[in-house]
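**Q**
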Amino acid sequence: MRWLLLGIPALLVLGGYLYTLSFGYLHLSLRDVAHLDGGRVAGASLQLLDARGEVIATGRTDLLYGAVQLDEPDFGDCAAGLFTERERWYACRHQRGRWHDDLAGRVAALSLSAGECRLRNVPLLLSANREAALTWWVPLPRIGGTPLTYYSASVSVDLRECRFLPPVGERA
């Protein structure tokens, strides 16, 4: 009985961790330090590059908030309003989670076009967070959820000078 009480939580945590190894969510944040309006980089197009400099994904920033939206090649946008069937929406999100995880393992740099400014091969350093693997099964609104690996990177640019600003602590 004691093994059962210890084994079930261990299996839940292990299952969540194994899930995080193959599903992810990639969040990119672009910030223009030359603007005082929050630094949004609105209406830009971008390309994600692998270590050889080949394009592995494309994307854009929206005009209102400057949020980065990646163009998934096979299945497009997974916005809930685009699907009439919940199963198709879940399938799309499942496929996108696998694609983001694969993409995060290969991306090394990005190229950005915003207005007249063109920046090429801006290095990307992704951070990975797998904390959801431990709490995905907890039935509370702010804890738990799908056990994804959350990948994130933040890029600061000066679009007036058309230059990339390395993260604090790194040299240009």
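Take any residue in the sequence shown, note its place counting from 1, add 1361, and you have its number in my numbering.
Quick reminder that beta carbons are idealized off the backbone N, C-alpha and C, glycines included.
Would you mind listing the beta strand (DSSP E) stretches within the segment 1415-1471 that are 3+ residues and don't spill past its ends, in chain order?
**A** Qualifying beta strand (DSSP E) stretches, in chain order: 1416-1422, 1429-1432.
**Q** Comparing alpha-carbon positions, which option in L1389, I1417, S1390, C1523 lies nearest G1476?
**A** Here residue 1476 refers to the residue found at position 115 when the sequence shown is read from its first residue. Comparing Cα-Cα distances from G1476 to each of L1389, I1417, S1390, C1523, the minimum goes to C1523.
**Q** Does the beta-carbon of G1458 have 16 or more other beta-carbons within 10 angstroms, so that it is buried, or is it exposed?
**A** For the purposes of this step, residue 1458 is taken as residue 97 along the sequence shown, with counting starting at 1. So G1458 counts as buried.
**Q** Just the C-alpha distance for E1448 and A1418, rounded to the nearest angstrom, thanks.
**A** Numbered from its first residue, the sequence shown carries residue 1448 at position 87. Numbered from its first residue, the sequence shown carries residue 1418 at position 57. C-alpha separation (whole angstroms): 26 Å.
**Q** Give me the DSSP bridge partner(s) of R1491.
**A** Translated into positions along the sequence shown, residue 1491 becomes position 130. In DSSP, R1491 forms no bridge with anything.
**Q** Based on DSSP bridge pairs, tell me the residues matched to A1412.
**A** By one-based count along the sequence shown, residue 1412 stands at place 51. Answer by DSSP bridge pairing: none, since A1412 is not bridged.
**Q** Find the nearest neighbour of S1513 within the set S1383, L1389, G1385, judged by alpha-carbon distance.
**A** Numbered from 1 along the sequence shown, position 152 holds the residue referred to as residue 1513. Closest option to S1513, Cα to Cα, is L1389.
**Q** At the level of alpha carbons, what is the spacing between P1484 and G1414?
**A** Numbered from its first residue, the sequence shown carries residue 1484 at position 123. Numbered from its first residue, the sequence shown carries residue 1414 at position 53. C-alpha separation (whole angstroms): 11 Å.
**Q** Got a sec? Which residues, its chain only, sit under 6 Å from R1401 by beta carbon, not counting five neighbours each side?
**A** As a working mapping, residue 1401 is identified with position 40 in the sequence shown. For R1401, where only same-chain residues beyond five positions count, the Cβ hits under 6 Å are G1427.
**Q** Decide if L1486 is buried, meaning its Cβ has at least 16 other Cβ atoms within 10 Å, or exposed.
**A** What you label residue 1486 is simply residue 125 of the sequence shown in a count that begins at 1. Burial call: exposed.
**Q** Between which two residues does the beta strand (DSSP E) holding L1480 run?
**A** The residue given as residue 1480 occupies position 119 in the sequence shown. Unbroken beta strand (DSSP E) run through L1480: 1478-1484.
**Q** Consult DSSP for L1520 and reduce its assignment to one of helix, strand or coil.
**A** If you number the sequence shown from 1, residue 1520 lands on position 159. Of the three classes helix, strand and coil, the one that applies to L1520 here is coil, per DSSP.
**Q** Rounded C-beta distance between S1515 and R1392? I'm assuming under 8 Å.
**A** For the purposes of this step, residue 1515 is taken as residue 154 along the sequence shown, with counting starting at 1. For the purposes of this step, residue 1392 is taken as residue 31 along the sequence shown, with counting starting at 1. That belief holds up - the Cβ atoms of S1515 and R1392 are roughly 7 Å apart, short of 8 Å.
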